[in-house]
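**Student:** Note that the sequence shown covers residues -12 to 115 in the numbering used here.
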Amino acid sequence: MDKLKSIEKSLTPAKNYPKFKAGDNITVQYKIIEGTKERVQPFRGDVIQLRGSGLTATFTVRKISNGVGVERVFPYYSPNISGIELNKSGKVRRARIFYQRDLRGKKSRIEEKRSYGEDQRAPVAAAK
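This is the structure we're talking about:
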């Protein structure tokens, strides 16, 4: 088993994507090839799940387009992904948020996780 993992690790290309997880809002820059033309199309949405490991790792991104939910599964090591941009970090309690499919409107919003820099501290409750 160790030999297999070492071979897979040597074949895995290095990708400099930001760390993201379920609930995060990302933009995937995906290369579209139409005949002889090639263009980059952004796909912006919320990460529903991360799945697999190594070369077979995939992630699913969901967005609402003209009132219709659109989900797309991207292989993590796809040569057609030119880049991934992390827009917002979401605050969710699950690794796979399939319940988003049943929610509509404001209920489907994911609360943004607030990050505090080294200089700032978390807000402290007012003293009585």
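We treat Cβ as the ideally placed atom computed from N, Cα and C, and that holds for glycine. Quantities reported herein were computed from a predicted structural model and do not represent experimental measurements.
#1: If we count the other Cβ atoms within 10 Å of its Cβ and call it buried at 16 or more, is Gln87 buried or exposed?
#2: Nearest CA to the CA of Pro0: which residue from Lys94, Ser65 and Leu73?
#3: What is the rounded straight-line gap between the Cα of Arg31 and the Cα of Leu(-2)?
#4: Cβ of Gly119 within 9 Å of Cβ of Lys93?
#5: The alpha helix (DSSP H) with Glu98 in it runs from where to where?
#6: Are there 16 or more other CB atoms within 10 angstroms of the CB of Asp(-11), so buried, or fewer, so exposed?
#7: Whose C-beta lies closer than 7 Å to the C-beta of Leu73 among residues of the same chain, with five residues either side of it excluded?
#8: With a 10 Å radius around its C-beta and 16 neighbouring C-beta atoms as the bar for buried, classify Ala9 as buried or exposed.
#9: Below 9 Å between beta carbons: does that hold for Phe97 and Lys75?
#10: Which residues share a DSSP beta bridge with Gly77?
#11: Please confirm whether Asp33 and Val48 have their CB atoms less than 9 Å apart.
**Tutor:** Straight from the coordinates:
#1: With 16 or more other Cβ atoms within 10 Å, it is buried.
#2: Ser65
#3: 29 Å
#4: Any answer about residue 119 is impossible in this case: the structure gives the chain only from -12 up to 115.
#5: Taken as a continuous stretch (DSSP letters only), Glu98 belongs to no alpha helix (DSSP H), as it is neither H nor E.
#6: exposed
#7: Pro5, Phe7, Asp11 and Ile13
#8: buried
#9: According to the sequence shown, residue 97 is Ile rather than Phe. In this structure, Lys75 lies closer than 9 Å to Ile97 by Cβ.
#10: In the DSSP secondary-structure assignment, Gly77 is bridged to Glu99.
#11: yes
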